[in-house]
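The structure under discussion appears below in the form of structure tokens.
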Amino acid sequence: MHESVTKFIDDNLDNSIEDLKILCRIPSVAAKNEGLEETSSLVEKMLKDVGLETKVHETSGAPVVTGWIDVGAKRTLLFYNHYDVQPAEPFDLWDSHPFEPEIRNGRLYGRGVADNKGDTIYRIWVLKAFKETGTDLPVNIKFVVEGEEEIGSVNLPEYTEKNTDFITADAGIWEFGGAGIDGIQEAWLGLKGIFFVELEVERLVRDVHSSTACVFPAAASRLVWALNSIKDGNSRILIDGFYDGIKPFTDAEIEAMKKIDLHEDLQKKEYGIDEFLNGMTGDELKKAYYGDPTANICGLTSGYQGKGSMTVLPAKASCKIDFRLVEGMHPDDIHKKLRKHFDDNGFTDVKITYFEGYPAAKTPVDHPFVKIVERANQSVFGEMKIHMTSPGSGPLYLFNKYVPMVSIGCGDHLSKAHSPNESIVVENYRKAMHRIVAVIDEMSRW
Ligand SMILES: [Zn+2]
137 MHESVTKFID DNLDNSIEDL KILCRIPSVA AKNEGLEETS SLVEKMLKDV GLETKVHETS
197 GAPVVTGWID VGAKRTLLFY NHYDVQPAEP FDLWDSHPFE PEIRNGRLYG RGVADNKGDT
257 IYRIWVLKAF KETGTDLPVN IKFVVEGEEE IGSVNLPEYT EKNTDFITAD AGIWEFGGAG
317 IDGIQEAWLG LKGIFFVELE VERLVRDVHS STACVFPAAA SRLVWALNSI KDGNSRILID
377 GFYDGIKPFT DAEIEAMKKI DLHEDLQKKE YGIDEFLNGM TGDELKKAYY GDPTANICGL
437 TSGYQGKGSM TVLPAKASCK IDFRLVEGMH PDDIHKKLRK HFDDNGFTDV KITYFEGYPA
497 AKTPVDHPFV KIVERANQSV FGEMKIHMTS PGSGPLYLFN KYVPMVSIGC GDHLSKAHSP
557 NESIVVENYR KAMHRIVAVI DEMSRW
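Residue numbering for the sequence shown follows my numbering, starting at 137 and increasing by one per position.
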């Protein structure tokens, strides 16, 4: 492999961490529309500094930053990353300031270090290492760095639909990944889709004395009954036609699944549960993990929740639900089916507000690039687990028609993405850079 390149990476580890800290000091919180322009400019500058041509694409929301270098190689590798982060609240649960990254015991703490600024910076630094050591890049490189991943990539289609030539490549590395609960590196070949809605019921113009519940309608009860109609006691979703069109697993996926150990006992311990949903274990659990859609209540609000008692009949009740979708499902279709489900069951008073939605996508488990990533990982980290899909979501569907993507990264199971004390292991960050060098190397022989 390119020893001068990996040596440069190791010799300059502190400098690349410093760049990561600089990026993390800007609170680029997409949900609050904060710091996005500033961060996009900084990312563009960093891409330019390592020798890429760049462009900032304005959208109706945050800009999409692209960078590329065409060295005339046979193969082209594309990176997808995002420069926005989740809000850092509640701040008081952080042991250090979320936007003042610091290293403690070999871990770098700060909002965005794992999701997704660490992965963004080390990939840029790999190119810096090629440039600074005067090593010829054996593949062409493209970057797409967006700024609204954490709010459902709402405006990314404006970019991807107009730039299908740019996003066409031989292979791509998606934003995230890392070591699992057993310390073994994981690659994710797909992402589930999502359909996120708010449900609201308003039955009175204002809250009233709860004694009148004998004659007035109760919004909270209406909402609870409506929610109760969505799933049965085994979490089977009861919306008519919900499971229609779901693509079955391929033979190759079933083979890949056999090699996976979900470490049921470790997970039970880690999350404080006696058993998984419906007592699932083994193959059944794996099939649910990779192949089941969900209907999950993310939050539920109504009436008085303060100290002691307060007898009130709340006028309104609301909740937020995310449906994770698998291949063959579409959020617009589920939206229609959910509306029909409520109407057919007498819940015409439940208002649905659509927040975000997109379908699932996967790279085939037998794609040659999967082997390339596996070999590259072997030379740096060792063993790797190949997951046909993550149970999480991302806008992979916008890309995978044009470029097969595999998601690997510098996180680990303690990274706490989206939570207080988000962190990465600095050593994983260093090795993740070596792994990208190895991917580039392997890809040049493809
Ligand atoms: Zn995220």
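Even for Gly, the Cβ is constructed at its ideal location relative to N, Cα and C. No experiment lies behind these values; they were computed from the predicted model shown.
Asked, Found
"Neighbouring residues (CB closer than 6 Å to any heavy atom of ligand 1)", "Gln-222, Asp-251, Glu-286, Ala-553, His-554"
"Delimiting residues of the alpha helix (DSSP H) encompassing Cys-160", "149-160"
"Burial state of Val-262, where buried means 16 or more other Cβ atoms lie within 10 Å", "buried"
"Burial state of Gln-222 (16 or more Cβ within 10 Å)", "buried"
"Span separating the alpha-carbon of Tyr-440 from that of Thr-447", "8 Å"
"C-alpha distance - Ala-362 paired with Lys-487, whole-angstrom precision", "11 Å"
"beta-carbon Val-186 near ligand 2 non-hydrogen atom, thresh 8 Å", "In the structure on display, ligand 2 does not appear, and the ligands it does have are ligand 1."
"Exposed unless 16 or more other CB atoms sit within 10 angstroms - verdict on Cys-455", "buried"
"Tyr-295 to Ile-162 span [Cα, whole Å]", "24 Å"
"Status (buried if at least 16 other CB within 10 Å, exposed otherwise) for Ser-347", "exposed"
"Local Cβ density within 10 Å of Pro-467, reported as buried at 16 or more and exposed below that", "buried"
"The beta strand (DSSP E) enclosing Ser-445, as first and last residue numbers", "Ser-445 -> no beta strand (DSSP E), and no H or E assigned at all."
"Buried or exposed (CB count within 10 angstroms, at least 16 for buried), Thr-489", "exposed"
"Nearest-angstrom Cα separation, counted from Gly-442 out to Glu-268", "60 Å"
"In DSSP terms, what Lys-278 is bridged to", "Trp-204, Leu-214"
"Residues of its chain near Val-192, where Cβ-Cβ distance is below 7 Å and the 5 sequence neighbours each way are ignored", "Ser-176, Glu-180, Pro-199, Val-201"
"Contained beta strand (DSSP E) runs [length at least 3] in the segment 361-416, N- to C-terminal order", "none"
"From His-345, Asp-428, Lys-405, His-399, residue whose alpha carbon lies closest to that of Pro-384", "Asp-428"
"CA-to-CA distance, Leu-244 to Glu-154, given in whole angstroms", "11 Å"
"Classification of Val-509 by the beta-carbon crowding that lies within 10 angstroms, buried from 16 upward", "buried"
"Distance CB(Leu-229)-CB(Arg-566) smaller than 9 Å", "no"
"Other residues of its chain near Asn-432: CB distance less than 7 Å, five sequence neighbours each side excluded", "Ile-457, Asp-458"
"Given 8 Å, three or more beta-carbon pairs between the segment 533-545 and the segment 297-315", "yes"
"Coil, strand or helix - Thr-175 by DSSP", "helix"
"Val-141 vs Thr-271 beta-carbon contact at 9 Å", "yes"
"Contact under 9 Å by Cβ, Asp-231 with Asn-557", "yes"
"Cβ neighbours of Phe-215 in the same chain (closer than 6 Å, five flanking residues each side left out)", "Arg-259, Phe-279, Ile-309"
"4-residue-minimum alpha helix (DSSP H) runs that sit fully inside the segment 308-347, ordered along the chain", "none"
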